[in-house]
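Chemist: Supplied in C-alpha cells, the structure appears directly below.
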Amino acid sequence: MTAADLAAARRAADELVAAGVGRVLLYGSVARGDCRETSDVDLVAIYDDLDYAERHSRRCGLEARASAAAGCPVDVMVTDAPEWAVRTTCVPCSVETRVASYAVELADVGDHSCIDWDKEIGLPANPADELASRFEEMTNAAIRLEGHLRPSVAEIDAADAGDAEDHRHKEGVRFAAAMAEVLAVVESAAKLNHIAAVGTAPAWKHSIPDLLAVQPESVRHAFTALAGSNVDLVTLHQWRQSNYVANRPGLPTENGLREHSTAAVNIAAHVTDQCRSQGISAREIARWDRQVRRLAEVLDGPVRHSDGRGLGC
C-alpha cells in the first residue's frame, strides 16, 4: 500500500478524468500538508453535468478506480459544476465552501461548453435549506435512538426462553447501538448550532469538544451543563466504533443509558430552541417536538415488557 501523498493524488486525479470527470480538486490532509501514515487521499470530482440520482453509484465506482491507481485509499466527493458553483458561492455554511477555501486543483479537461448553469442542484442551495438539512439529520438520529431504547423482539424471545446469556448479548448489541445514536444526536446538535451561531460549515470531526471549540463560550457552557456530571462529552465520540466490540467503550448500565439519552435529548432540544426562528419549517419543528415527547415517555421510567422488565428487560 502506497502512502497518501501528492503523487498518489495526481495518479488518482488522472484516473477520474479518464472516467469522464471535468475537474478534480484535492483537499484534506494531503492538500494541507499534514497527512499521516494512515491518511487517505480526498478528492472532489466535478462533472460538467451529473444526474444526482447516480451520485452514490458514481462515487463507489470512482473511489474504486482512483484507489487502484493511487495505491492507497481515496475518498471522492461527487458533484457537478452548477452544484459546486452554488454551494461555494451561496451557501457559506456548506462543506463545499470549507473545502474550496484551500483545495488544490489537480486536473481540468478545459472544455466546459455544455454546462447548464441554471439547472436545479441536488443539495441545499441556500443557508436556510442547509440548516434544515442538518436539523433533519438530528431528528432522524433521535428517531433511531428511540428504537434502540425499547427491547427488541429477539431480546424478549431470549428472555422468555430463559436464555440469560443470549439475552445479555442481544441487550448489549442494542445498548451499544443506542449509545452510537446518543453520539449522533449530540454531534448533529453541535454541528447544527455551529451553523446557526457561526454561519460557516462545522469541522469534519466527531469529537464534541472539538466541534464546540470555535463556538461562543455560552454554547460550550450549555452543552456541559445539560450533559451533567455523568455524561463525558470528551469521550462520547468513541461510540462511533460501536459496531466493533474490541474498539468500543464498556457498555453502560440501564441507568447510564438513560442518563446519556436524556442528556442528548436535552442538548438537542436546547439547540432546537435556538433555531426555531431561523427558517426551519413549522412541519419539521413539529416533527422534532413530537419526537421529544416520545423520547420523554420512554425515558420517564423503565420501558416495560408485559412481565415488568425494563430497558434491560
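Anchor point for the sequence shown: position 276 equals 1226 in the numbering used here, and the numbering is continuous, going up by one each time. Even for Gly, the Cβ is constructed at its ideal location relative to N, Cα and C. Since the structure is predicted, the reported quantities are computational estimates derived from the model, not experimental observations.
Buried or exposed for VAL1059, please, with buried defined as at least 16 other CB atoms from any protein chain shown within 10 angstroms of its CB.
Modeler: When all chains shown are included, VAL1059 counts as exposed.
Chemist: Return the CA-CA distance between SER1157 and ALA1127, expressed in angstroms with no decimal places.
Modeler: Whole-angstrom Cα-Cα distance: 18 angstroms.
Chemist: Spell out the partners DSSP gives MET1027 in its beta bridges.
Modeler: VAL994
Chemist: Identify the continuous beta strand (DSSP E) that holds ASP1058 and give its terminal residues.
Modeler: 1054-1058
Chemist: Assuming LEU993 contacts LEU976 under a Cβ cut-off of 8 angstroms, what Cβ separation, rounded to an integer in Å, is found between them?
Modeler: 6 angstroms
Chemist: With a threshold of 7 angstroms on Cβ separation, who are the neighbours of ALA1053 within its own chain once the five nearest residues in sequence on each side are excluded?
Modeler: Contacts found: LEU975, LEU976, TYR977, ALA981, VAL994.
Chemist: For ASN1216, collect the residues of the same chain with a Cβ closer than 8 angstroms to its Cβ; drop the 5 residues on either side in sequence, then sort them by chain order.
Modeler: LEU1176
Chemist: According to the neighbour-count rule (16 or more other Cβ atoms, all chains shown, within 10 Å of its Cβ), is TYR1194 buried or exposed?
Modeler: When all chains shown are included, TYR1194 counts as exposed.
Chemist: For the alpha helix (DSSP H) that VAL1169 lies in, which residues bound it at each end?
Modeler: 1167-1177
Chemist: Quick one: which unbroken beta strand (DSSP E) runs of 3-plus residues sit fully inside the segment 1027-1103? Chain order, please.
Modeler: Annotation note: the segment 1027-1103 contains the following uninterrupted beta strand (DSSP E) runs of length 3 or greater, listed N- to C-terminal: 1054-1058.
Chemist: If I follow the unbroken beta strand (DSSP E) through VAL1135, where does it start and stop?
Modeler: From DSSP, VAL1135 is part of no beta strand (DSSP E) but of the alpha helix (DSSP H) over 1114-1147.
Chemist: When you compare only the Cα positions, how much space is there between MET1129 and LEU1207?
Modeler: 7 angstroms
Chemist: Compute the beta-carbon to beta-carbon distance between ILE1065 and ASP998, rounded to the nearest angstrom, for a pair I have assumed lies under 8 angstroms.
Modeler: 5 angstroms
Chemist: Contact between the segment 1006-1015 and the segment 1073-1087 is defined here as three or more beta-carbon pairs at a separation below 8 angstroms; is this criterion met?
Modeler: Fewer than three beta-carbon pairs drawn from the segment 1006-1015 and the segment 1073-1087 are found closer than 8 angstroms, and the two stretches are therefore not classed as touching.
Chemist: For GLN1241, collect the residues of the same chain with a Cβ closer than 8 angstroms to its Cβ; drop the 5 residues on either side in sequence, then sort them by chain order.
Modeler: THR1089, ALA1092, ILE1093, GLU1096
Chemist: Assign ALA968 to one of three DSSP states: helix, strand, or coil.
Modeler: helix
Chemist: Excluding the 5 residues flanking GLU1013 on each side, which residues of the same chain have their C-beta closer than 7 angstroms to its C-beta?
Modeler: VAL1024, ASP1025, VAL1026
Chemist: From this set, GLN1188, LEU1133, ALA1236, ILE1230, which residue's C-alpha is nearest GLU1209's C-alpha?
Modeler: LEU1133
Chemist: Can you grab the Cα-Cα spacing for the pair ALA968 / CYS1043, in whole Å?
Modeler: Straight-line measurement puts the Cα of CYS1043 at about 32 angstroms from the Cα of ALA968.
Chemist: Indicate the three-state DSSP secondary structure (helix, strand or coil) for VAL974 in the structure shown.
Modeler: strand
Chemist: Helix, strand or coil for ILE1230 per DSSP?
Modeler: coil
Chemist: Return the residue from the list CYS1225, TRP1189, TRP1154, CYS1022 that minimises the CA-CA distance to VAL991.
Modeler: CYS1022
Chemist: What is the DSSP secondary structure of GLY1011, reduced to helix, strand or coil?
Modeler: helix
Chemist: Using the Cα positions of HIS1255 and ALA1018, report the straight-line distance between them to the nearest angstrom.
Modeler: Confidence in HIS1255 is poor, its pLDDT being 43 and thus under 50, which makes the residue's placement unreliable; the coordinate value appears in the next sentence. C-alpha separation (whole angstroms): 52 angstroms.
Chemist: In angstroms, rounded to a whole number, what distance separates the CA positions of ALA1147 and VAL1135?
Modeler: VAL1135 has its alpha-carbon roughly 18 angstroms from the corresponding atom of ALA1147.
Chemist: Would you mind giving the Cβ-Cβ distance between ARG1118 and SER1102, rounded to the nearest angstrom? I have them listed as a contact below 8 angstroms.
Modeler: The pair is not a contact, with the Cβ atoms about 13 angstroms apart (cut-off 8 angstroms).
Chemist: Compute the beta-carbon to beta-carbon distance between VAL1184 and PRO1159, rounded to the nearest angstrom, for a pair I have assumed lies under 8 angstroms.
Modeler: With 8 angstroms as the limit, VAL1184 and PRO1159 qualify as a contact, their Cβ atoms being about 6 angstroms apart.
Chemist: Rounded to a whole number of angstroms, what is the C-alpha to C-alpha distance between GLY1229 and ASP955?
Modeler: 42 angstroms
Chemist: Within 7 angstroms of any Cβ in chain D, is that where the Cβ of ASP1116 sits?
Modeler: No chain D is part of this structure, which consists of one protein chain only.
Chemist: Beta carbon of THR896, beta carbon of TRP1238: below 7 angstroms?
Modeler: Summary: the structure shown does not reach residue 896, with the chain confined to residues 951 through 1263, and so no result is reported for it.
Chemist: Would DSSP call TYR1002 helix, strand or coil?
Modeler: helix
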